[in-house]
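**Q** Have a look at the structure that comes next, please.
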Amino acid sequence: MIINKLDNVRVDIESGHKYAICDINISEDVIKYGEPIGQATEDIKCGDHVHTHNLKTNLSGILEYEYSEFTPVVEKIDSDIEFMGYRRKNGDVGIRNDVWIINTVGCVNKTAEIIASKTGAKFFSHPFGCSQLGYDSKITQKILKGMVNHPNHGGVLVLGLGCENNNIDVFKGVLETWDEERVRFLNCQDVEDEIAEGVKIVKELQVLSQSDKRECINISELKVGLKCGGSDAFSGITANPLVGRFCDKLTSLGGSCVLTEVPEMFGAEHLLMKRCENKSVFEKTVKLINDFKGYYTRYNQVIYENPSPGNKKGGITTLEEKSLGCIQKGGKSTVVDVLDYGDKLSKNGLSLLNGPGNDIVAVTNLMASGVHIILFTTGRGTPLGSAVPTVKIATNSSLANKKSNWIDFDAGPIIDGKDLTDELFEYVISVANGEKCKNEINGYEEISIFKDGVTL
Numbered sequence: 003m004i005i006n007k008l009d010n011v012r013v014d015i016e017s018g019h020k021y022a023i024c025d026i027n028i029s030e031d032v033i034k035y036g037e038p039i040g041q042a043t044e045d046i047k048c049g050d051h052v053h054t055h056n057l058k059t060n061l062s063g064i065l066e067y068e069y070s071e072f073t074p075v076v077e078k079i080d081s082d083i084e085f086m087g088y089r090r091k092n093g094d095v096g097i098r099n100d101v102w103i104i105n106t107v108g109c110v111n112k113t114a115e116i117i118a119s120k121t122g123a124k125f126f127s128h129p130f131g132c133s134q135l136g137y138d139s140k141i142t143q144k145i146l147k148g149m150v151n152h153p154n155h156g157g158v159l160v161l162g163l164g165c166e167n168n169n170i171d172v173f174k175g176v177l178e179t180w181d182e183e184r185v186r187f188l189n190c191q192d193v194e195d196e197i198a199e200g201v202k203i204v205k206e207l208q209v210l211s212q213s214d215k216r217e218c219i220n221i222s223e224l225k226v227g228l229k230c231g232g233s234d235a236f237s238g239i240t241a242n243p244l245v246g247r248f249c250d251k252l253t254s255l256g257g258s259c260v261l262t263e264v265p266e267m268f269g270a271e272h273l274l275m276k277r278c279e280n281k282s283v284f285e286k287t288v289k290l291i292n293d294f295k296g297y298y299t300r301y302n303q304v305i306y307e308n309p310s311p312g313n314k315k316g317g318i319t320t321l322e323e324k325s326l327g328c329i330q331k332g333g334k335s336t337v338v339d340v341l342d343y344g345d346k347l348s349k350n351g352l353s354l355l356n357g358p359g360n361d362i363v364a365v366t367n368l369m370a371s372g373v374h375i376i377l378f379t380t381g382r383g384t385p386l387g388s389a390v391p392t393v394k395i396a397t398n399s400s401l402a403n404k405k406s407n408w409i410d411f412d413a414g415p416i417i418d419g420k421d422l423t424d425e426l427f428e429y430v431i432s433v434a435n436g437e438k439c440k441n442e443i444n445g446y447e448e449i450s451i452f453k454d455g456v457t458l
């Protein structure tokens with residue numbers, strides 16, 4: 003435990019925790035990041051520790067919002083900055099070229115794993131694709147469709163069982179179109195030896211992918227997902243603002259960023275709404291927020307049951323505090339679009355993506371939207387990775403040094419006034435050019451599909 007003991011602090015507190023810089027009366031708002039993060043539940047003296055014992059959220063229920071026109075503050079500029087990517091037949095760009103095995107159903111997870119072990123292909127286990135109904139089933143199909151269409155692979159084996167709800171014939175209807183040379187299908191029930199047949203198909207795809215060569219791609223075609231997990235009180239001070247500056251730089255150059263974790267916008271959503279480029283995007287953002295609150299209430303859950311125990315241990319007290327730190331990953335960029343599960347990113351700029359804060363579900367949603375890379379800030383640490391490169395950015399140098407096997411970039415020096423924007427930008431380009439980040443090196447490449455429905 004690291005203890006801070008400053009001259010004007012009346013008690014010993016853990017690193018990253020808050021203390022009052024003035025007297026605060028009971029029921030008065032507590033201000034951080036220039037915004038209220040809750041109200042005092044008792045009188046707080048200057049220098050007192052401020053946390054769950056004397057601070058509570060102000061948030062409750064569905065809110066009403068009013069649209070106002072926004073003047074962009076991030077200026078667009080032309081640039082000749084490039085990265086080395088793979089231009090696909092349909093014009094999309096990828097930054098990796100492995101062969102993926104994508105299951106239509108969880109029943110063939112082990113089959114996919116065995117084929118991958120014999121070929122070096124990547125596989126992604128999940129338990130879904132059968133016994134799901136309605137919207138729940140559609141989410142599974144849309145996420146898997148996003149994977150099949152993702153440009154970060156050089157070929158896909160779509161592996162089915164044969165009797166599942168999301169069988170290959172049904173799934174082809176969801177896909178609508180695909181590259182017949184690079185997307186192959188195999189129903190395990192249709193062949194005598196599904197392992198041998200799967201290995202054969204994957205090896206054929208690998209031969210095809212070997213002909214793909216990297217070429218110069220303008221930075222405007224780079225797509226980056228934004229995520230935080232295992233956050234601490236430094237997240238909103240170091241790593242998240244750093245990612246926000248990266249986002250502003252990339253979007254100014256014509257690139258795209260995607261911000262998700264809707265419940266971690268609660269309490270700060272008004273700041274995002276002020277940056278919507280038009281009324282239509284504003285209305286979509288209001289719907290995004292209110293629909294997710296409705297999801298909570300449908301299951302009789304408290305809308306503001308957040309932060310997590312780890313967040314609180316790291317010094318975050320209320321959801322407003324967490325959200326105000328979280329949305330900083332979007333910088334000051336204009337919000338140009340709102341995406342649902344499995345929607346493909348189509349507009350340059352900053353888009354908002356539907357989905358929960360759960361780390362593995364969130365990175366899966368980002369990947370399925372078509373981002374090439376995910377920037378994942380963390381103050382507590384996690385080895386988690388998605389099917390696309392997942393760059394771990396430590397909020398503090400202590401974590402970066404302790405878990406160097408997880409962390410790719412240390413934002414800790416920002417606390418001493420260093421600007422790392424250019425360094426992070428250069429590192430992201432190196433990843434786009436092929437440098438592997440820790441999740442890839444360690445094999446932490448997983449998916450988890452959002453579930454909201456009945457299982458038969």
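Under our numbering, the first residue of the sequence shown carries the number 3, and numbering increases by one thereafter.
Note that the Cβ used here is the ideal one computed from N, Cα and C, for glycine as well.
(1) Quick one: measure Cβ to Cβ for residue 209 and residue 278, integer angstroms, because I've assumed they're closer than 8 angstroms.
(2) Could you tell me how far apart the beta carbons of residue 125 and residue 103 are, in whole angstroms, since I believe they sit closer than 8 angstroms?
(3) Which partner residues does residue 347 have in the DSSP bridge list?
(4) Let me know if residue 198 comes out buried or exposed under the rule of 16 or more other beta-carbons within 10 Å of its beta-carbon.
(5) Quick check on residue 103: does DSSP put it in helix, strand or coil?
(6) Would you call the CB atoms of residue 107 and residue 131 closer than 7 angstroms?
(7) Is it buried or exposed, residue 249, if we count other Cβ atoms within 10 angstroms and call 16 or more buried?
(8) Pull up the DSSP beta-bridge partners for residue 26, would you.
(9) Who are the Cβ neighbours of residue 5 in its own chain at under 6 angstroms, not counting the five residues just before and after it?
(10) Just checking, does the stretch 251-263 make contact with the stretch 305-313 on the three C-beta pairs under 8 angstroms criterion?
(11) Pop quiz: residue 148 and residue 370 are said to be a contact at Cβ under 8 angstroms. What is the actual Cβ separation, rounded to whole angstroms?
(12) Buried or exposed: where does residue 48 fall if 16 or more other Cβ atoms within 10 Å of its Cβ makes it buried?
(13) Evaluate residue 349 with the Cβ neighbour count: other Cβ atoms within 10 Å of its Cβ, from every protein chain shown; 16 or more gives buried, anything less gives exposed.
(14) Between the alpha carbons of residue 446 and residue 440, how many angstroms are there, rounded?
(15) Could you pull the start and end residues of the beta strand (DSSP E) that residue 226 belongs to?
(16) I need the boundaries of the beta strand (DSSP E) containing residue 54, first residue and last residue.
(17) If we count Cβ pairs, one from each stretch, closer than 8 angstroms, do we get three or more for the stretch 70-82 versus the stretch 164-171?
(18) Assuming residue 393 contacts residue 376 (C-beta within less than 8 angstroms), just tell me the rounded distance between them.
(19) Where does the unbroken beta strand (DSSP E) through residue 396 begin, and where does it stop?
(20) Looking only at its chain, what residues have a beta carbon closer than 6 angstroms to the beta carbon of residue 320, apart from the 5 residues adjacent to it on each side?
(21) As a quick exercise: from 457, 407, 453 and 66, pick the residue whose alpha carbon is nearest that of residue 438.
(22) Spatial neighbours of residue 7 within its chain, please: C-beta separation below 7 angstroms, excluding the five flanking residues on both sides.
(23) Thinking just about the alpha-carbon of each residue, which of 396, 142 and 231 is nearest to the one in residue 365?
(24) Mark residue 24 as exposed unless 16 or more other C-beta atoms lie within 10 angstroms of its C-beta, in which case mark it buried.
(25) Would residue 224 be called buried (16 or more neighbouring beta carbons within 10 Å of its own) or exposed?
(26) Report buried or exposed for residue 454, applying the criterion of at least 16 other Cβ atoms within 10 angstroms of its Cβ.
(27) Would residue 70 be called buried (16 or more neighbouring beta carbons within 10 Å of its own) or exposed?
(28) Taking C-alpha atoms, which residue in 219, 127 and 37 lies nearest to residue 93?
(29) Helix, strand or coil: which one does DSSP assign to residue 245?
(30) For residue 19, does the count of other Cβ atoms within 10 angstroms reach 16, so buried, or fall short, so exposed?
(31) DSSP three-state call for residue 7: helix, strand or coil?
**A** Let's see:
(1) With a Cβ gap of about 47 angstroms, residue 209 and residue 278 do not count as contacting.
(2) Their Cβ separation, rounded to whole angstroms, is 4 angstroms, which keeps residue 125 and residue 103 in contact under 8 angstroms.
(3) Per DSSP, none; premise fails for residue 347.
(4) Exposed, by the Cβ-count rule.
(5) Judged by DSSP in its simplified three-state form, residue 103 adopts strand.
(6) Here residue 107 is near residue 131, since their CB atoms are less than 7 angstroms apart.
(7) With 16 or more neighbouring CB atoms inside 10 Å of its own CB, residue 249 falls in the buried class.
(8) DSSP, once it has assigned bridges, lists 46 as partnering residue 26.
(9) Because the pLDDT at residue 5 is just 41, under 50, the model does not fix this residue reliably, and the value given afterwards should be weighed accordingly. For residue 5, where only same-chain residues beyond five positions count, the Cβ hits under 6 angstroms are 14.
(10) Contact fails: fewer than three Cβ-Cβ distances are below 8 angstroms.
(11) Contact flag correct, Cβ pair sits at about 3 angstroms.
(12) That one is exposed.
(13) Under a 10 Å Cβ-count criterion, residue 349 is classified as exposed, with fewer than 16 other Cβ atoms of the shown protein chains found around its own Cβ.
(14) Using only the alpha carbons, I get a separation of about 8 angstroms.
(15) Unbroken beta strand (DSSP E) run through residue 226: 225-230.
(16) If you look at residue 54, you'll find it isn't in any beta strand (DSSP E); DSSP assigns it neither H nor E.
(17) Judged by Cβ distances under 8 angstroms, the stretch 70-82 makes no contact with the stretch 164-171, as fewer than three pairs qualify.
(18) Indeed they touch by this definition, with Cβ atoms about 7 angstroms apart.
(19) Its beta strand (DSSP E) spans residues 392-396.
(20) Closer than 6 angstroms at the Cβ level, and outside the excluded window around residue 320, lie 39, 40 and 59.
(21) Nearest of 457, 407, 453 and 66 to residue 438, Cα basis: 407.
(22) For residue 7, the predicted structure reports a pLDDT of 46, less than 50, and the residue's modelled location is therefore unreliable. A value from the coordinates is still provided. Only 14 meet the Cβ criterion.
(23) If we check each option's Cα against that of residue 365, 231 comes out closest.
(24) Burial call: exposed.
(25) Buried is the call here.
(26) Exposed, since its Cβ has fewer than 16 Cβ neighbours within 10 Å.
(27) Here residue 70 is exposed, its C-beta having fewer than 16 other C-beta atoms within 10 Å.
(28) The candidate whose alpha carbon is nearest that of residue 93 is 219.
(29) Residue 245: helix per DSSP, three-state reduction.
(30) Burial call: buried.
(31) Confidence in residue 7 is poor, its pLDDT being 46 and thus under 50, which makes the residue's placement too unreliable to answer from.
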